[in-house]
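For reference, the structure is listed below as structure tokens.
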């Protein structure tokens, strides 16, 4: 067992040390760019859908539980199943992958933005009303700054989940780091599979750290 592990580690080191794996269209940097592109597109689309819904419902206090339950359907349906279904409907391309990843990204952002808005202290809302603030002023100047840490936590959770799941793009013939997993399993090259897993794990950790730093940067100092 120990010799097999050492052989696997040697294979991983050999893979990383080969110059040909760092140059060209099928290289590590190229697959990372493809992978991150899927994640960015999906997370941005998910945020454009989820944040207005969660923030709006949290501000009004109506329909939130229904919206959260509906958005959580994205967690219940396997992403791979969504990819295959959309693939059968629209054919080959990036759309099936983006649809599945967006469905995965939406629930945490809807839930956190709604909860963040509802957890704003009612006395703070009343003070804003007493000061003569309009609904939009209360939303942008009072409620959103207070709810922002929870909202950003939802965005961070979504981004990390999407980063980890974007490997599924390789199942429908696209690129990304999932190629190392699919191609490695096809030829029983466990070293290549482990390389893909390591790269995805590193990107997930980097994503977590970047969004945690962004969350701290844009959160008011008194709320940190």
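Numbering (our numbering), first residue to last: 10 to 233. For every residue, glycine included, the Cβ atom is placed at its ideal position computed from N, Cα and C.
Item: Beta-carbon contacts of residue 201 that lie in its chain and below 7 Å, excluding the five residues immediately before and after; Value: 24, 189, 192, 193
Item: Close beta carbons around residue 31, own chain, < 7 Å, minus the five adjacent residues each side; Value: 37, 38
Item: Length of the line joining the Cα atoms of residue 28 and residue 217; Value: 29 Å
Item: Per-residue DSSP class, three states only, for residue 142; Value: coil
Item: Spatial neighbours of residue 118 in its chain, beta-carbon cut-off 7 Å, leaving aside the 5 residues before and after; Value: 55, 56, 59, 60, 63, 163, 164, 167
Item: Selection from 116, 155, 204, 206 that minimises the alpha carbon distance to residue 225; Value: 155
Item: beta-carbon residue 135 near the ligand COA non-hydrogen atom, thresh 7 Å; Value: Of ligands this structure carries none, so the ligand COA is not represented either.
Item: Beta carbon of residue 157 nearer than 8 Å to that of residue 68; Value: no
Item: Given 8 Å, three or more beta-carbon pairs between the stretch 174-181 and the stretch 101-110; Value: yes
Item: For residue 195 and residue 114, the rounded distance between their alpha carbons; Value: 29 Å
Item: Which of helix, strand or coil DSSP assigns to residue 35; Value: coil
Item: Rounded separation between residue 129 and residue 219 - CA only; Value: 26 Å
Item: Presumed contact (8 Å Cβ cut-off) between residue 152 and residue 126, rounded CB distance; Value: 6 Å
Item: Contacting residues, own chain, Cβ-Cβ under 8 Å from residue 101 (five flanking each side not counted); Value: 181, 182
Item: Where residue 86 sits in the DSSP three-state scheme; Value: coil
Item: Cα-Cα separation, residue 42 to residue 185; Value: 7 Å
Item: Beta-carbon spacing of residue 142, residue 135 below 8 Å; Value: no
Item: Cβ-based neighbour list, residue 227, same chain, cut-off 8 Å, excluding 5 preceding and 5 following; Value: 157, 161
Item: Burial state of residue 140, where buried means 16 or more other Cβ atoms lie within 10 Å; Value: exposed
Item: Under 8 Å between C-beta atoms of residue 7 and residue 123; Value: With the chain represented from 10 up to 233, any question about residue 7 goes unanswered, as that position is not in the structure.
Item: Beta carbon of residue 21 nearer than 8 Å to that of residue 208; Value: no
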